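Structure first, commentary second.
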Amino acid sequence: MSSTYDVIGVDYHLKRHSDPRLKTQIYRSIESGSAILNVGAGTGSYEDPRYPLVALEPSLRMIEQRPVNSAPAVRGAAETLPFRDKTFDVGLALLTVHHWADFERAALELKRVLRKKIVFLTWDPEVSPFWLVRDYFPEIFRKDQTLFPKMEDFRKFFPRCSIENVEIPDDCIDGFLGAHWKRPEEYLRPSTRQCISAFQRLQNFDRGLEALRCDLENDQWYERNRELMPLQSLDVGYRIVICEIF
Ligand SMILES: C[S@@+](CC[C@H](N)C(=O)[O-])C[C@H]1O[C@@H](n2cnc3c(N)ncnc32)[C@H](O)[C@@H]1O
């Protein structure tokens, strides 16, 4: 099984870690003791050792970066889950669904192997772009709009689902695309971009980077985004989608 993350996930563990505030929101709807399947588990961010958990991940490179003593990991993809019917209570699918080749097939598989619910952390492709993808990398925004399922797609496959907005703290510990909304210099660092798949997909981002660097040097960025400065968190479109299985 080959996987994009065998190539782009080489140093994922360096910049991608659980943010405790997001983790609290993710687990809010999960009963203690629930048996969890973490689909697209990556290096194990947001896994909680208090729950019995199995990680499912297609990329060996990502599995190799899981910490010693983390939950057992099985190699596989969401579209063909290598588990018997109704094996787990709850599924987690965190910042992974936009990488899946076939959302419908994966949804059927999740309904087959889960008993209670699946909790997604995803991004709503119908929100307005935040400054990074509005002013510097509009091609990322356009591509992400095609990759991320719409909220109505979740409702179509999981008719009983609730959707929560996720406020991203200004000091977010995880390093996903929208995490540094108040720390623009972060996006100039190659090590930050290396752990964000949207940048990995871009053929050429020199022009956007140069424009950002220039705007930061001459204070244009601060002028244009002045209203962000007093904020401690921002909704840039991330959503927790909690879907009941029945
Ligand atoms: C952005 S990472 C997120 C990893 C982890 N959930 C986290 O929050 O840090 C996306 C993960 O989805 C995995 N992935 C890609 N295609 C997949 C598929 N079809 N089924 C399951 N996981 C997949 C990738 O290998 C990668 O580890």
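The sequence shown begins at 93 in this note's numbering and counts up one residue at a time. We put the CB at the ideal spot given by N, CA and C, even for glycine. Just so you know, these numbers come straight off a predicted model, no measurement behind them.
Next item on the list: Can you tell me which of Thr238, Glu171 and Pro159 puts its alpha carbon nearest to the alpha carbon of Phe110?
Entry: Note on residue identity: the sequence assigns Ser, not Phe, to residue 110. Answer by Cα proximity: Pro159.
Next item on the list: Mind the definition here: the stretch 256-267 touches the stretch 293-310 only if three or more C-beta pairs lie below 8 Å; say whether that holds.
Entry: no
Next item on the list: Given a cut-off of 7 Å, decide if Asn130 and Leu152 are closer than it, judged by their beta-carbon atoms.
Entry: no
Next item on the list: Output yes or no for whether 7 Å exceeds the beta carbon distance between Tyr138 and Ile122.
Entry: no
Next item on the list: Compute the Euclidean distance between the alpha carbons of Asp194 and Phe240, then round it to the nearest angstrom.
Entry: 12 Å
Check: Among residues of its own chain, excluding the 5 on either side of Leu280, which ones have a beta-carbon nearer than 8 Å to its beta-carbon?
Finding: Leu301, Leu304, Arg305 and Leu308
Next item on the list: Compare the beta carbon distance of Gly329 and Asp216 with 7 Å and say whether it is the shorter of the two.
Entry: yes
Next item on the list: Could you check how far apart the C-beta atoms of Ala133 and Glu149 are, in whole angstroms? I think they sit under 8 Å.
Entry: 5 Å
Notebook entry, point to check: So, Lys209 versus Ile337, is the Cβ gap smaller than 7 Å?
Noted result: yes
Check: Relative to the C-alpha of Pro174, which residue among Ala163, Asn161, Leu202 and Ile288 is closest?
Finding: Leu202
Margin query: On the DSSP bridge list, what partners appear for Cys253?
Written below: Cys335
Next item on the list: Compare the beta carbon distance of Arg207 and Asp177 with 7 Å and say whether it is the shorter of the two.
Entry: no
Next item on the list: Work out the CA separation of Arg113 and Tyr143 for me, nearest whole Å.
Entry: 18 Å
Next item on the list: Using the Cα positions of Ala290 and Leu269, report the straight-line distance between them to the nearest angstrom.
Entry: 7 Å
Item checked: Rounded separation between Gln237 and Val189 - CA only -> 13 Å
Checklist line | Ala165: CB within 6 Å of a non-hydrogen atom of ligand 1 | finding: no
Next item on the list: Enumerate, from N- to C-terminal direction, the unbroken alpha helix (DSSP H) stretches of 4 or more residues contained entirely within the stretch 145-214.
Entry: 152-156 and 195-205
Next item on the list: Please report the residue range of the beta strand (DSSP E) in which Val102 lies.
Entry: Neither: Val102 is in no beta strand (DSSP E) and is coded neither H nor E.
Checklist line | Top-ranked residue by Cα proximity to Gly125, from Asp140, Phe212 and Gly101 | finding: Asp140
Notebook entry, point to check: Is there at least one non-hydrogen atom of ligand 1 closer than 6 Å to the beta-carbon of Leu114?
Noted result: no
Checklist line | Sequence-distant residues of the same chain with beta carbon closer than 8 Å to Lys242, five excluded per side | finding: Asp216, Pro217 and Glu218
Item checked: DSSP state of Pro261 mapped onto helix, strand, coil -> strand
Margin query: Does the distance between the C-beta of Pro241 and the nearest non-hydrogen atom of ligand 1 fall short of 6 Å?
Written below: no
Notebook entry, point to check: Are Cys287 and Arg167 close, meaning C-beta to C-beta below 7 Å?
Noted result: no
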